[in-house]
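A.B. asks:
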């Protein structure tokens, strides 16, 4: 009897844990830069076709890169500006990006104007998302991506996630210790 209860408890715990995780199906056209405030490295994603996310609120900074196959011109690489999307994976087991057709420069320009992508669940149903473009005055180095996203979140922009603002301050250098003053003896 006790053994049966223990097995039932373990099974229900395993099922509830698996329901909490969400699989982000990766597309070769999506270059993930930052996930939930953490910079993604190429080696982490190399060869992976999915990424496991916790259930809950998420924010992704990504770029769309696609080889253009316009018949009359040589092939060119299209790269979108950095895009930010925020969404919740509460009660969702898998999500993926659904991109429009981007076959030529005109399609790329239309995509940059409309940002007509979606994040869909495993049934193809679009999630409620908040999206924005990360407008950069200059090229941001990989080392500064996390801080840039944290600063974005602090500004309460369309795709901000306030929970990721703390990453901005946690990475800053510790304050310098004050220099010791020369000891003086009272006269």
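In mature numbering (1 follows the signal peptide of the UniProt record, and there is no 0), the protein residues as written are -21 to -1, 1 to 166. C-beta: ideal position from N, C-alpha, C; glycine also.
If you check the beta carbons only, do residue 40 and residue 12 fall under 8 Å apart?
C.D. replies: What you label residue 40 is simply residue 61 of the chain shown in a count that begins at 1. What you label residue 12 is simply residue 33 of the chain shown in a count that begins at 1. Yes, the pair counts as a contact, with Cβ atoms nearer than the cut-off.
A.B. asks: If distances are taken between C-alpha atoms only, which option among 76, 122, 104 and 141 comes closest to residue 30?
C.D. replies: Position 51 of the chain shown, counted from the first residue, corresponds to residue 30. Nearest C-alpha to residue 30: 76.
A.B. asks: Let me know if residue 129 comes out buried or exposed under the rule of 16 or more other beta-carbons within 10 Å of its beta-carbon.
C.D. replies: Start at 1 with the first residue of the chain shown, and residue 129 comes out as number 150. Result: buried.
A.B. asks: What residues match up with residue 97 in a beta bridge as DSSP calls it?
C.D. replies: Your numbering for residue 97 matches position 118 in the chain shown. In the DSSP output, where bridge partners are listed per residue, residue 97 has 77.
A.B. asks: Is residue 82 near residue 44, with beta carbons less than 8 Å apart?
C.D. replies: The residue you call residue 82 lines up with position 103 of the chain shown. The residue you call residue 44 lines up with position 65 of the chain shown. Not a contact, by the Cβ cut-off of 8 Å.
A.B. asks: Find the nearest neighbour of residue 34 within the set 111, -1, 21 and 4, judged by alpha-carbon distance.
C.D. replies: In the chain shown, counting from the first residue as 1, residue 34 sits at position 55. Closest by alpha carbon: -1.
A.B. asks: On the premise that residue 138 lies in contact with residue 111, defined as a C-beta separation below 8 Å, what is that separation, rounded to the nearest angstrom?
C.D. replies: Looking up residue 111 in the chain shown gives position 132. Looking up residue 138 in the chain shown gives position 159. Right, their Cβ atoms sit about 4 Å apart.
A.B. asks: In chain order, what residues of the same chain lie with their CB nearer than 6 Å to the CB of residue 105, ignoring the 5 residues before and after it?
C.D. replies: Within the chain shown, the letter at position 126 stands for residue 105. If we look at residue 105 and ignore the five residues flanking it on each side, its Cβ neighbours are 97 and 99.
A.B. asks: Which partner residues of residue 55 appear in the DSSP bridge assignment?
C.D. replies: The sequence position of residue 55 within the chain shown is 76, counting from 1. 47, per the DSSP bridge assignment.
A.B. asks: Taking the C-alpha atoms as reference points, what is the distance between residue 28 and residue 5?
C.D. replies: Here residue 28 refers to the residue found at position 49 of the chain shown. Here residue 5 refers to the residue found at position 26 of the chain shown. Taking the straight line joining both Cα atoms gives about 5 Å.
A.B. asks: List the whole-angstrom C-beta distance separating residue 114 from residue 65, where the pair is believed to meet the contact cut-off of C-beta under 8 Å.
C.D. replies: Position 135 of the chain shown, counting from 1, holds the residue named residue 114. Position 86 of the chain shown, counting from 1, holds the residue named residue 65. Their Cβ separation, rounded to whole angstroms, is 17 Å, which puts residue 114 and residue 65 out of contact at 8 Å.
A.B. asks: Let me make sure I understand the geometry here. Which of 54, 7, 123 and 3 has the alpha-carbon closest to that of residue 42?
C.D. replies: Here residue 42 refers to the residue found at position 63 when the chain shown is read from its first residue. If we check each option's Cα against that of residue 42, 7 comes out closest.
A.B. asks: Report all residues from its chain with a CB closer than 7 Å to the CB of residue 68; omit the five preceding and five following residues, and keep chain order.
C.D. replies: Taking the chain shown and counting its residues from 1, one reaches residue 68 at position 89. 1, 32, 34, 35, 37 and 74.
A.B. asks: In the DSSP assignment, what are the bridge partners of residue 10?
C.D. replies: As a first step, residue 10 must be located in the chain shown, where it is residue number 31. In DSSP, residue 10 forms a bridge with 42.
A.B. asks: Residue 29 bridges to which residues according to DSSP?
C.D. replies: Working through the chain shown from its first residue, we reach residue 29 at position 50. According to DSSP, residue 29 bridges with 4.
A.B. asks: DSSP state of residue 88, grouped into three classes?
C.D. replies: Walking along the chain shown from the start, residue 88 turns up at place 109. Correct three-state label for residue 88: helix.
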